[in-house]
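Enquirer: Below you will find the structure I want to go over with you.
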Ligand code: SF4
Ligand code: SF4
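Chains as they are written, first to last, in this note's numbering: chain A, 1 to 356; chain B, 1 to 105.
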């Protein structure tokens, strides 16, 4: 414990602000987006700063980070930031450096974009790189989907912002529950119980309480300190495995991807919405997840064709109705789409209004 | 899974140094763990925490919530950290021979 330093918190952000931002903090007049990936903020006194937003894979090596620092040193007096969707922004105070910076980025193949009505970076999770509960990978799927939708990153051709997020299990780390399109890892098999090790590794009451459907019971044989899973009640959420390492649920063949659509967090025009199930299952197909890529593209394309300007995916679906959404996106409607969890009643249609 | 020999006793431990087989717990285990947990000498207060954790685990099958541990022992969280620098989970529960804490720790 000698010489141990604790509770010092993060360094104050002010230390890292470019002088223009520091001087005009809270005194900005307006901003504009002169081109995809470039923002111009103008202060009350006429001072301006350009932010050049570039894509990042989120998981990066120190070498990559240093490269970005070098660029920031060269064109931005060393100032850069990263956004809440893990893009990088070069903060250019000196307008004469803007074009040379853009040229350097183009030369290095670092894509700029992610502003306005685009598909910006995918908020995602650990996947097979680091977590122990995933049903799918994160980085691999994200790379595949962004490759396919790359044209939407550096352009403003969509009706509104389209947020895509990915979570590799139902814990939904990140933003899948509130994104225009969400890619979610799901299991389709119940956990396998390791009776021998369970009592050494797990707190049985915690494990039982972790199950949202009450599918877990103490082992009926009192001499066996373990649990049993009622497979009829299990919906493969994997929560019990999070609590108890003796209940592995991953199955490389049966697990896969569900797609959700229509979530948003902003209060612009309509209140925030949760995303809802669109595609119940697509196979886990590394390394390029073609089925997922294709299904996401289909939704993006149909939305881009059908939505009005400023309409988010959720607002578009609300306007045309879910039956129309399934029809135009050619997604078969199955029993899995019908909510059957606790408060499901509110999601049923209690009206004569529907389209054939 | 690794095996540890200490003062003539054998323990099977996982990669975080928690007991893999809870039946192997004994006072030598506590003695063995204390070094890696940054504890020079065990006093009565350490044992009060360890005993409380074990009693609670035997009775309820789970580790107590931190607030319960504090309330029963009368030690504020700050003091528990003074006793067990790695905290009630990684420090005290490991020494007491409880299962490794799980969930999004
Ligand atoms: S979503 Fe699940 S699997 Fe992915 S990082 Fe979070 S907890 Fe781990
Ligand atoms: S996977 Fe989920 S539903 Fe199935 S037993 Fe475990 S906690 Fe319950």
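Positions of the beta carbon are idealized from the N, C-alpha and C atoms, including for glycine. Please read these numbers as outputs of a predicted model, since none were measured by experiment.
(1) Sort B:101, B:2, B:97, B:76 by Cα distance to residue 28 (chain B) and report the nearest one.
(2) Does residue 74 (chain B) get closer than 8 Å to chain A when you measure Cβ to Cβ?
(3) Considering just the uninterrupted stretch of the alpha helix (DSSP H) at residue 204 (chain A), what are its terminal residues?
(4) Within 8 Å, do at least three Cβ pairs link the segment 212-227 of chain A to the segment 197-204 of chain A?
(5) Per DSSP, residue 182 (chain A) is paired with what?
(6) Which stretch, first to last residue, makes up the beta strand (DSSP E) that contains residue 51 (chain A)?
(7) From residue 77 (chain A) to residue 94 (chain A), what does the alpha carbon distance come to, in whole angstroms?
(8) Between which two residues does the beta strand (DSSP E) holding residue 292 (chain A) run?
(9) Exposed or buried, residue 66 (chain A), counting other C-beta atoms within 10 Å across all chains shown (16 or more means buried)?
(10) Helix, strand or coil: how does DSSP classify residue 286 (chain A) here?
(11) State yes or no: is the C-beta of residue 235 (chain A) nearer than 7 Å to some heavy atom of ligand 1?
(12) Hey, which unbroken runs of the alpha helix (DSSP H) at 4 residues or more fall wholly within the segment 214-279 of chain A?
(13) Under three-state DSSP, which class holds residue 81 (chain A)?
(14) Taking the C-alpha atoms as reference points, what is the distance between residue 36 (chain B) and residue 91 (chain B)?
(15) Using the C-alpha atoms, what's the distance from residue 1 (chain A) back to residue 22 (chain A)?
(16) Does the segment 310-317 of chain A come within contact of the segment 169-177 of chain A, defined as at least 3 CB pairs closer than 8 Å?
(17) Taking the runs of the beta strand (DSSP E) that are 3 residues or longer, which of them lie wholly in the segment 72-147 of chain A?
(18) Can you find a heavy atom of ligand 1 that lies under 7 Å from the Cβ of residue 133 (chain A)?
(19) Assuming residue 68 (chain B) is part of the alpha helix (DSSP H), what are its boundary residues?
(20) Give the straight-line distance between the Cα atoms of residue 323 (chain A) and residue 239 (chain A), rounded to the nearest whole angstrom.
(21) Check whether chain A comes within 8 Å of residue 85 (chain B), counting only Cβ atoms and requiring the distance to be less than that.
(22) Should the segment 94-114 of chain A be regarded as contacting the segment 47-67 of chain A, the criterion being three or more beta carbon pairs within less than 8 Å?
(23) Please look up how many angstroms separate the CB atoms of residue 42 (chain B) and residue 34 (chain B), rounded, as I've assumed it's under 8 Å.
(24) Suppose the cutoff is 6 Å on Cβ atoms and the five residues either side in sequence are ignored; what does the same chain contact list for residue 136 (chain A) look like?
(25) Using a threshold of 8 Å, state whether the C-beta atoms of residue 286 (chain A) and residue 127 (chain A) are closer than that.
(26) Can the beta-carbon of residue 144 (chain A) be found closer than 8 Å to that of residue 163 (chain A)?
(27) Using a Cβ cut-off of 8 Å (strictly closer), state whether residue 242 (chain A) contacts chain B.
(28) Report whether the distance from the Cβ of residue 239 (chain A) to the nearest heavy atom of ligand 2 is below 7 Å.
(29) Under the criterion of a Cβ to heavy atom distance below 7 Å, does residue 167 (chain A) qualify as lining ligand 4?
(30) List, in order along the chain, the chain B residues whose C-beta lies closer than 9 Å to that of residue 204 (chain A)?
(31) State the Cα-Cα distance for the pair residue 345 (chain A) and residue 195 (chain A), rounded to the nearest angstrom.
Expert: Let's see:
(1) Among B:101, B:2, B:97, B:76, the Cα nearest to that of residue 28 (chain B) is on B:97.
(2) Answer no: the Cβ-Cβ gap between residue 74 (chain B) and chain A never drops below 8 Å.
(3) From DSSP, the alpha helix (DSSP H) with residue 204 (chain A) extends over 204-209.
(4) Enough Cβ pairs lie closer than 8 Å, so yes.
(5) Residue 182 (chain A) is bridged to A:165, A:260.
(6) That run of the beta strand (DSSP E) goes 48-54.
(7) One alpha carbon belongs to residue 77 (chain A), the other to residue 94 (chain A), and they sit about 9 Å apart.
(8) That residue, residue 292 (chain A), is in no beta strand (DSSP E); its alpha helix (DSSP H) goes 290-306.
(9) With fewer than 16 other Cβ atoms within 10 Å, it is exposed.
(10) Secondary structure at residue 286 (chain A): coil, using DSSP grouped into helix, strand and coil.
(11) Using a cutoff of 7 Å, the CB of residue 235 (chain A) does not count as near ligand 1, since none of the ligand's heavy atoms is closer than that.
(12) Correct list: 239-243.
(13) Correct three-state label for residue 81 (chain A): strand.
(14) Cα to Cα, the separation comes out at about 9 Å.
(15) Cα to Cα, residue 22 (chain A) sits roughly 38 Å from residue 1 (chain A).
(16) They do not touch, by the three-pair rule.
(17) Unbroken beta strand (DSSP E) runs of no fewer than 3 residues, entirely contained in the segment 72-147 of chain A, are found at 80-82, 88-92, following chain order.
(18) Checking every heavy atom of ligand 1 against the Cβ of residue 133 (chain A), one is found closer than 7 Å.
(19) Secondary structure note for residue 68 (chain B): its alpha helix (DSSP H) is the uninterrupted segment 66-73.
(20) Rounded to whole angstroms, the gap between the alpha carbons of residue 323 (chain A) and residue 239 (chain A) is 32 Å.
(21) Yes, its Cβ sits closer than 8 Å to a Cβ of chain A.
(22) The answer is yes - the segment 47-67 of chain A touches the segment 94-114 of chain A, with three or more Cβ pairs under 8 Å.
(23) Taking a contact as a CB-CB distance under 8 Å, the pair residue 42 (chain B) and residue 34 (chain B) counts as one, their CB atoms being some 6 Å apart.
(24) Around residue 136 (chain A): 168, 185, 257, 284.
(25) No; because the gap between Cβ atoms is not below 8 Å, this pair is not in contact.
(26) The criterion of a C-beta distance shorter than 8 Å is not satisfied by residue 144 (chain A) and residue 163 (chain A).
(27) Yes, contact with chain B.
(28) At least one heavy atom of ligand 2 lies closer than 7 Å to the C-beta of residue 239 (chain A).
(29) Judged by which ligands are present, ligand 4 is missing from the structure shown, whose ligands are ligand 1 and ligand 2.
(30) Residues of chain B with a Cβ closer than 9 Å to the Cβ of residue 204 (chain A) are, in chain order, 61, 62.
(31) If I take the Cα positions, the gap works out to 38 Å.
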